[in-house]
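Novice:
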Amino acid sequence: MKRLVLEYWTPLVVWLVAIFLFSTDTFSSAETSRIIVPFLKFLFPGLSPDDLQTWHGVLRKIAHVAAYFILAVFAYRSLKYGQSDLVQPKVRAMVFVASAALLDEFHQGFTVSRGASIVDVGYDCLGAVWALWLITAYETRRLRPYSVL
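Per the numbering used here, numbering through the sequence shown is continuous, rising by one, with the last residue being 149.
(1) Look at ALA98 and LEU79 and say whether their C-beta atoms are less than 7 Å apart.
(2) If we ignore side chains and look at the alpha-carbon of each, how far apart do THR26 and GLU105 end up?
(3) Among residues of its own chain, excluding the 5 on either side of TYR123, which ones have a beta-carbon nearer than 7 Å to its beta-carbon?
(4) Which residue's Cα is closest to the Cα of LEU134: VAL17, VAL112, LYS90 and LEU103?
(5) In three-state terms, what does DSSP make of TYR81?
(6) Could you tell me whether the Cβ of ARG142 comes closer than 7 Å to any Cβ of chain D?
(7) What's the gap between the Cα of LEU52 and the Cα of ALA30?
(8) Beta-carbon separation of ALA116 and PHE96 under 7 Å?
(9) Here's the rule: buried if 16 or more other CB atoms are within 10 angstroms of the residue's CB, otherwise exposed. What is ALA18?
(10) Once the 5 residues before and after VAL37 are set aside, which same chain residues still bring their CB inside 7 Å of it?
(11) Does DSSP put ALA131 in a helix, a strand or coil?
(12) Check whether the Cβ atoms of TYR68 and ALA128 sit closer than 7 Å, and answer yes or no.
(13) So, with DSSP's three-state summary, where would you put SER29?
(14) Taking just the CA atoms, how far does ILE70 sit from LEU48?
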């Protein structure tokens, strides 16, 4: 039982806590722009201030997708443990990730410099769908090596 908790559930809980920390004022757009915009200026010195802000926003949305991609992998891994069914853990992982995304945006609605956005929930769910799709492709390939998928 200890091994199950440590190996399968701890990474999920740690990553979920990290996501909720990312949704605080410390990681607001104004705060992250202090790091990301100078870095973008260094990489692309010809970008205008508007372009820098646009790319800052793009990178923040990519971070949403990536964070919830990882969360979906951890959720699936935790929920799949000990089950032979390949579909049910994916459905549960998707519901878990979507619920976490909604709670995260709800939490952001109470912060000073952040706001709740249903669009961000969509980006979060996109990351989860990509993760679960890749897991499905991997499992299909592993179980049926000559499959087209």
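Ideal Cβ positions, reconstructed from N, Cα and C, are used throughout, including at glycine.
Computed from a predicted model, the values in this text were never measured in an experiment.
Specialist: Well, looking at it:
(1) no
(2) 15 Å
(3) Once the five neighbours on either side are set aside, the close Cβ partners of TYR123 are LYS61, HIS64 and VAL65.
(4) LYS90
(5) coil
(6) Among the chains of the structure shown, chain D does not appear; only one protein chain is present.
(7) 13 Å
(8) no
(9) exposed
(10) LEU52 and HIS56
(11) Under the three-state reduction of DSSP, ALA131 is assigned to helix.
(12) yes
(13) helix
(14) Just to set this straight, residue 48 is Ser in the shown sequence, not Leu. Cα to Cα, the separation comes out at about 33 Å.
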